[in-house]
Amino acid sequence: MTLQDVVKETRAFYCLECGKCSGSCPISRHNPAYSPRVMVENALMGLENDLVHARELFSCLTCYACHLRCPSDVDYPLFIQKTRALASTQGEHGDCAHSGSLQSLARLMANPAIKQRRLEWLSNGYRAAAQGDVLFFVGCAPYFEPFFEDIGVNALQPAKGSLKILNSLGIEPVLLEDEKCCGHDLLWTGDTRGFKELAEHNAAIIKKAGVKKIVFSCAECYRTFKEDYPKHVSIDCELQHISELLSDSMDKEGLRLREVKKKVTYHDPCRLGRHLGIYEPPRNVLQAIPGIELVEMARNKEDSLCCATSAFTNCDACSKQIRVERLLEAKYTGAEVLITSCPKCQIHFKCAMVSKGKEKGPDVEIPVMDLAEFVASALGAEDEQQE
Amino acid sequence: MNVNGFEPKIVAFTCNWCSYAAADLAGTSRIHYPPNVRIIRVMCSGMVDPVYVLKAFEAGFDGVLIAGCHIGDCHYLSGNVKAQDRIATLRRLLHTLGLEDERLRLEWISAAEGSGFAETIKEYVGQLKQLGPSPCRREATA
Amino acid sequence: MAESKNDVKIGVYVCHCGSNIAGTVDVEDLTAFAQEQGSVAVARNYKFMCSEPGQALIKKDIEELGLNRVVVASCSPRMHEPTFRRVCEDANLNPYQLDMCNIREQCSWVHKNGATAKAKALVSAAIARAFYLEALETREVPVTSAVLVVGGGIAGIQAALKVADGGRKVYLVEREPSIGGHMIQLDKTFPTLDCSACISTPKMAAVKSHPDIELMTYSEVVDVQGFVGNFRVTIRRKPRYVDESLCTGCGICQEKCPWKAESEFDCGLGQRKAIYTPFPQAVPNVPVIDPEHCVYILKDGKCGACLKFCERGAVDFSQTEKMVEIEVGAIIVATGYDLMDPSAITRLGYKRFPNVITSLEFERLCSATGPTGGHITVNGKEPKSVAIIHCVGSRDEKYHTYCSRVCCMYALKFAHLIGEKIEGAQVYQFYIDMRCYGKGFEDFYQRASSEGVTFVRGRPAQVTDFAMSPEEKGKLVVVCENTLLGRPMRVPVDMVILCPAMEARADAKEVARLFNLSQSADGFLLERHAKLEPVATANDGVFIVGCVQGPKDIPDTVAQALAGAAEALSLIDRGSVKLEAATATVNEALCHGCGRCEEICEFHAPMVRLNGRLIPVSSINEALCKGCGACAVACPTGAISIRHFTLQQILAEVEALSGVPV
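Residue numbers (this note's numbering), protein chains in the order written: chain V, 638 to 1024; chain W, 29 to 170; chain P, 5 to 666.
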């Protein structure tokens, strides 16, 4: 694949140089070195070397803000994805956050000889089945749990919450011991080989499990399975995000919700919102909980501001500025809890709240919870103990 | 189960003030140990980023040894305590990944313990020979 | 960086080190292997890279081939990194673009088979790292022109005098009420039989009167901050309850004080008063009041004899502890030793029999200022026969494995002194080896032999008062084997003197931590290099002299003290010190201002500040940064990296090390 191929595939040659993308881009606003329009122009001018070795190639959040607004329908996120794949062949991978630990972990996981122990967190409180029609895809939560504990993120809570919800609806999902990372981060940082290995493995074990439907609590896993897997592997299942499943089930028998007198706001994750157009289901869910007052941030739904780091890459001062902006926006609504439906968003927002230095920035403290976790905590009678 | 002829590859991150000096002392004392270990000098065990360990497994090492000063004796006061905490978290990740606990080893070896260093290596090589090649290896051969 | 990947030119130099490396590692094969690695412009091998011609080889290549990286595969960098860094500097190459590869201590000397394969892996790692090495500038900071000497024994006194004579300010801090240490407790010193007090008191007086020495006795160091050339030390000055500026040292308070306590100076063999100077020649000659025995303090104002009798009104019970902060450029630790308590070795009878004493107790008996006025008596009786037992608690797996170095010589000294003071006394030396290695020592041994000392080669199994024959009645019997004769012996004596091992002070661990020093396996403080740097330590600017570093006699102690003084003066006279170049550095573009770095650093180097921005950002105080790497690992975005130990450099090593099979 060459840069020319990428230009063709993504319709980049239709670019009008109108600047709508750069005007919409949160990174461009804070980092003058980055402009989607200039990236595309570089490609059109054949300046492959400059493009491929530019640090900013890995700054794009692939949040789709530009993609939804581009009058020429240039698939800029795909352009970034493919150009990064090219860059990867030349040894470029961006500035990996956490020293590249997460990417390394995904690659280690991709190794065929690995035999994981990823379900040890499963306790008697949750009912899972050895076989069945519904699979719950846990994702990287068992790894994120120890990794991000210190910033107050219990990464397994969304999975646990989702299981509780499914159980309440009478569903005992299958959980696969050798499920692997969906490969989202590897795909978006140019490691197509790693991504393919993971995708092929997941496709094989899902086929073997014989399930008909897969439920996700992670927006990124969901998007990856829905949009990216079909290009490489065949997953013959219905795919659904827990927010969608919940939205369809709010009036169902098993879902007895307590009253929760809280003012909350909802942050649309890019992968669920702009990528897949799923804006209403999470809102339906929240509004169906008795006592909840849902308030909207100034920028919501298609205009939602990205949590500012994608694929744990190029997480920098600019990312922090964007996050602070978003959190202040959330606090401005007066909401007591910021709800989101993607573990990455949760992690990045909590990280932005870490402030241990002598001098501190603006106060951006606000409780952040995953939608599934939040709904699960409202399940059942007053006296029922939560996990 | 000792795979025939399998020679484990070990990378050891040793701190400049204690364990690296111990390895040097083993040398000056001519205490022999197996050549399976390859040493990387760091200034402190607290300098060891968990990614070094992950990358080491990616690179095909069968075992990773991190050796620092005894608790209380760290040249930088408590870099070794920090290392200990980080490695505790890392162990949980490696456990979930399915790697055997023995593949990551943390030792405190002082500058005076040349023979201690050699013994540790001998023991570790023997242990890894029993354990077999790392499941993270990409090639079949040692 | 202006330099592109294609501009990197690495020179690799493999040292034979005679046959030390070449005997086990195929250096030709290794050189050929190195030559094949990426970016390697030249690879050579030579017999001794550290020699003049070896160094010249490297310099020539740097100049003629335009090398911008050098890899030397030889001995440990802890050995010769400074040497080869200087070579680079001489050839105008930044010294931090040198990478050393340890194929001797960590390869040829420890492996028989597989050494060459391992050397290849190590060299490829060094080359991989060298590729990413960057030129680093070393900063210089000024050095405070003052020295702290901790400990007022002969080592501390000598070091303080020499530094002060060099025209520099010295703070001498001593824990006891007086300087003098153990030396002033001794009677005579070997091999010259000088009176110990006679040779040390002039030095002690010189300390007191020296204009450049500030003496702080009855004081302790409690905190040390800073770094070489710029230490900030906090000293706790304990209250004497006597005003030093008013006291004339007349001694009437001691005379009139009705309260007695065991004299520490006399090893518990004699007594002192609650208000006391430890010995008559104390410096300063100002008493202290012991709060544990002073009835005025214990019983809230009862007594007050000293208050009443002091004509100058120097007694001041209102004194409190004071904390003093000083700034110095160098610290000399001279805190000395303790003598092991031999009561643990129960069969030798110490503390069970009153006439089994230690060497230090014997010194006090012999000394004219001691509890018996210099008469060697126990319970009023002069011994007619004395046994001196060597190696008590030393050369012993159960206690201390090391040799205590001074005991053989002072045992001979004791034999002489006993012979001098007690007409016709019979002295037995129970030894394993006679270690008389120093100048004049052999002569001293011969003199003792000629004076009729009986040497019994045999480590006593027991000292007992159980008499098995009439000669043994009322005596102590030393039971041993005379290994030279090959038969057991029972030697009845009136007194037994034990030579206990010199050991590290009980608080050696705390002292080590306070000054950020290491201890060796035997508990004494660790010098930087056993042969070539005997007084320097791993902590730049802190030096250890005297018995704190290991057992030694007075000539060696003085020599080390002078060495420590030279080190300190050298540092101060240089006027400035080069800071560690391999420090942490912040890439502000990646910094979130989260403060994890500031939280984790124990040296207070990272500072997270707003500097007028909305979101704070971190910066590193390079003078305080030790380059330990803790902050870099804590940083979630990779904003902090450690110069010379970057993630990229280390991961390149990991990758390369895996490339060569075992």
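Where is the CB? At the ideal position from N, CA and C, for every residue including glycine.
Is there at least one Cβ from chain P nearer than 7 Å to W/ARG120's Cβ?
no
Please list the partners that W/CYS72 has in chain P, where partner means a Cβ-to-Cβ separation under 7 Å.
CYS632 and GLY633
Unbroken beta strand (DSSP E) runs of length 3 or more, entirely within the segment 234 to 262 of chain P: which are they?
234 to 241
Hey, does P/LYS9 have any beta-carbon neighbour from chain V nearer than 7 Å?
No, no contact with chain V.
For the segment 646 to 665 of chain V, enumerate the residues whose C-beta is nearer than 8 Å to any C-beta of chain W, in chain order.
none
Name the two residues that bound the continuous alpha helix (DSSP H) containing W/ASN108.
107 to 125
Count the other C-beta atoms from every protein chain shown that fall within 10 angstroms of the C-beta of P/TYR136, then say buried if there are 16 or more, exposed otherwise.
buried
Which same chain residues end up closer than 8 Å to P/GLN39 when comparing Cβ atoms and leaving out the 5 residues on each side of it in sequence?
VAL16, VAL46 and ALA47
Between P/MET220 and the rest of its own chain, which residues show a CB-CB distance below 8 Å, the 5 nearest in sequence each way excluded?
TYR175, LEU176, VAL177, GLU178, ILE239, ARG241 and VAL328
Who are the Cβ neighbours of P/SER200 in its own chain at under 7 Å, not counting the five residues just before and after it?
MET187, ILE188, LEU190, ASP191, LYS192 and THR193
Give the DSSP bridge partners of P/GLU331, in chain order.
According to DSSP, residue pairing for P/GLU331 in a beta bridge involves P/ARG236.
I need the DSSP call for P/ILE336, collapsed to helix, strand or coil.
strand
For W/LEU127, collect the residues of the same chain with a Cβ closer than 8 Å to its Cβ; drop the 5 residues on either side in sequence, then sort them by chain order.
PHE85, SER162, PRO163 and CYS164
Closer than 6 Å by C-beta to W/ALA170: which residues in its own chain qualify, once you throw out the five before and the five after it? Chain order, please.
Unreliable placement is indicated for W/ALA170, whose pLDDT of 39 sits below 50; the coordinate value is still reported in the next sentence. Hits under 6 Å: PHE34 and GLU35.
Using a Cβ-Cβ distance cut-off of 7 Å, determine whether W/LYS83 contacts chain V.
Taking Cβ atoms only, chain V reaches closer than 7 Å to W/LYS83, which makes this a yes.
My output table needs one value for W/ALA170: the three-state DSSP class, helix, strand or coil.
Confidence is the limiting factor: at W/ALA170 the pLDDT is only 39, short of 50, which leaves the residue's position unreliable and the question unanswerable from this model.
Where does the unbroken beta strand (DSSP E) through P/GLU657 begin, and where does it stop?
No beta strand (DSSP E) contains P/GLU657, which is instead part of the alpha helix (DSSP H) from 651 to 663.
Just the C-alpha distance for P/VAL546 and P/LEU536, rounded to the nearest angstrom, thanks.
16 Å
In the segment 127 to 144 of chain W, which residues sit with their C-beta less than 7 Å from some C-beta in chain V, listed in chain order?
none
Let me know if P/LEU61 comes out buried or exposed under the rule of 16 or more other beta-carbons within 10 Å of its beta-carbon.
By the 10 Å Cβ count, P/LEU61 comes out buried.
Give me the Cα-Cα distance between P/GLY378 and P/SER55, rounded to the nearest whole angstrom.
59 Å
In whole angstroms, what is the alpha-carbon distance linking P/GLN433 and W/LYS37?
57 Å
Evaluate contact between the segment 643 to 658 of chain P and the segment 82 to 100 of chain W, counting only Cβ atoms and requiring at least three cross-stretch pairs below 8 Å.
yes
Can you check whether the CB of P/ARG647 is closer than 7 Å to the CB of P/THR589?
yes
Which chain V residues sit within Cβ distance under 8 Å of P/GLY58?
Within chain V, no residue comes near P/GLY58; the closest Cβ sits about 36 Å away, beyond 8 Å.
Closest to P/LEU480 by CA distance: which of P/LEU97, P/GLU427, P/PRO215 and P/ILE393 is it?
P/ILE393
Output yes or no for whether 7 Å exceeds the beta carbon distance between P/LEU583 and P/ALA609.
no
What does V/VAL991 reach in chain P if we use C-beta pairs closer than 9 Å?
HIS596, CYS598, GLY599, ARG600 and PRO640
Measuring straight from C-alpha to C-alpha, what distance separates P/SER398 and P/SER524?
16 Å
Would you kindly check if the distance between the Cβ of P/SER112 and the Cβ of P/VAL673 is under 7 Å?
Coverage of chain P is limited to positions 5 through 666, which leaves residue 673 of chain P absent and any answer about it impossible.
Helix, strand or coil for W/TRP136, going by three-state DSSP, please let me know.
Note: W/TRP136 maps to strand in three-state DSSP.
Can you list the alpha helix (DSSP H) stretches of 4 or more residues lying completely in the segment 735 to 768 of chain V, in chain order?
738 to 747
Within the 7 Å Cβ cut-off, does W/ARG166 reach chain P?
no
Which residue marks the beginning of the alpha helix (DSSP H) containing P/LYS122, and which one marks its end?
DSSP places P/LYS122 inside the alpha helix (DSSP H), whose first and last residues are 119 to 136.
Tell me whether the beta-carbon of V/CYS703 lies closer than 7 Å to the beta-carbon of V/PRO673.
Yes, the pair counts as a contact, with Cβ atoms nearer than the cut-off.
In this structure, what does DSSP give as the bridge partners for P/LYS385?
Beta-bridge pairing links P/LYS385 to P/VAL382.
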